[in-house]
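Trainee:
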Amino acid sequence: MAKYQIVLVRHGESEWNQKNLFCGWFDADLSSTGIEEGRNAGKMLKEKAFTFDVAFTSVLKRAIKTLYLIQDELELHWIPVIRHWRLNERHYGALQGLNKSETAAKYGEAQVKIWRRSYDIPPPPLEPTDPRSSTNERKYQEFDSSVVPAHECLKDTIARVLPYWHDVIVPTIKESEF
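Quick note: the sequence shown uses this note's numbering, first residue 1155, plus one each step.
(1) Report the three-state DSSP secondary structure of Leu1184 (helix, strand or coil).
(2) For Thr1289, count neighbouring C-beta atoms within 10 Å of its own C-beta (all shown protein chains included) and say buried if the count is 16 or more, exposed if not.
(3) With 16 as the cutoff for other CB atoms within 10 Å, does Asn1242 come out buried or exposed?
(4) Does Ala1248 come out as helix, strand or coil in the three-state DSSP assignment?
(5) Using the rule of at least 16 other Cβ atoms within 10 Å of the residue's Cβ for burial, across every protein chain shown, is Val1301 buried or exposed?
(6) Does the beta-carbon of Pro1282 have 16 or more other beta-carbons within 10 angstroms, so that it is buried, or is it exposed?
(7) Starting from the C-beta of Ile1275, find all residues in its chain whose C-beta is less than 6 Å away, skip the five residues before and the five after it, and write them out in chain order.
(8) Measuring CB to CB, does Asn1171 end up less than 9 Å from Ala1182?
(9) How would you call Phe1248, buried or exposed, if buried means at least 16 neighbouring beta carbons within 10 angstroms?
(10) For a minimum of 4 consecutive residues, which ranges assigned as the alpha helix (DSSP H) are wholly contained in the segment 1200-1232?
(11) Determine the contact status of Ile1233 and Ala1203, defining contact as a CB-CB distance below 9 Å.
(12) What are the residues that DSSP puts in a beta bridge with Ser1168?
(13) Can you give me the start and stop residues for the beta strand (DSSP E) that Arg1237 sits inside?
(14) Applying the criterion that 16 or more other CB atoms from any shown protein chain within 10 Å of the CB defines a buried residue, is His1360 buried or exposed?
(15) Please report how far the alpha carbon of Ser1255 lies from the alpha carbon of Arg1271, in whole angstroms.
(16) Could you check whether the Cβ of Thr1211 sits closer than 9 Å to any Cβ belonging to chain B?
(17) Roughly how many whole angstroms lie between the Cα atoms of Ile1218 and Ser1212?
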């Protein structure tokens, strides 16, 4: 049986993380701290002698840039990078762009915790007409709007990511000749 190593890395701190805003699918850039975190992740992987044959990332620039910083440290710019929206982080719906502390003050800590941490209760949806809606972004316009979420609970996020894991990532790793 073949042995595979898979490394999962969360993106570095985004500008919205730094401002304590719900980010979700908003395409926030990395903060200066996030850039340093990406470099440090690459340095740590290099110190541990990791190398990679292929990389997967979401279509969010904070994730893409974090991956690039890691590739830069490892001198692996040449490996295939597969980007897909199904690897995006959880969609926070109408909470996207709101300050986390102010939202807790408005709706109560308990309600915000339910929206953030419960398995099957999503936050309020982001209406398609809202300028923050992902359906307005060019990178998602090739998809039927019913596929692009307006909000997600953890159950929804798993339902979006897991088929991609089974149908694309696992076969790519197993069948690749990298």
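Cβ atoms here follow ideal geometry from the backbone N, Cα and C, with glycine treated the same way.
Keep in mind it's a predicted model, so treat the numbers as computed, not measured.
Mentor: Reading from the atomic positions:
(1) Three-state result, Leu1184: strand.
(2) Under this definition Thr1289 is a buried residue.
(3) Classification for Asn1242: buried.
(4) Helix at Ala1248.
(5) The residue in question, Val1301, is exposed, as its Cβ has fewer than 16 Cβ neighbours within 10 Å.
(6) Its Cβ having fewer than 16 others within 10 Å, Pro1282 is exposed.
(7) These residues qualify, in order along the chain: Ile1268, Cys1307.
(8) Taking 9 Å as the Cβ cut-off, Asn1171 and Ala1182 qualify as a contacting pair.
(9) Checking the sequence shown, residue 1248 turns out to be Ala, not Phe. So Ala1248 ends up on the buried side.
(10) Fully enclosed alpha helix (DSSP H) runs of 4 or longer: 1215-1228.
(11) In this structure, Ile1233 lies away from Ala1203, with their beta-carbon atoms at least 9 Å apart.
(12) DSSP output for Ser1168 lists Leu1184 as bridge partner(s).
(13) It spans 1235-1237 - the beta strand (DSSP E) in which Arg1237 sits, taken as one unbroken run.
(14) Residue 1360 lies beyond the stretch modelled for the chain, which goes from 1155 to 1332, so this question has no answer here.
(15) Roughly 16 Å separates the two Cα atoms.
(16) Any reference to chain B falls outside this structure, which holds one protein chain only.
(17) Using only the alpha carbons, I get a separation of about 7 Å.
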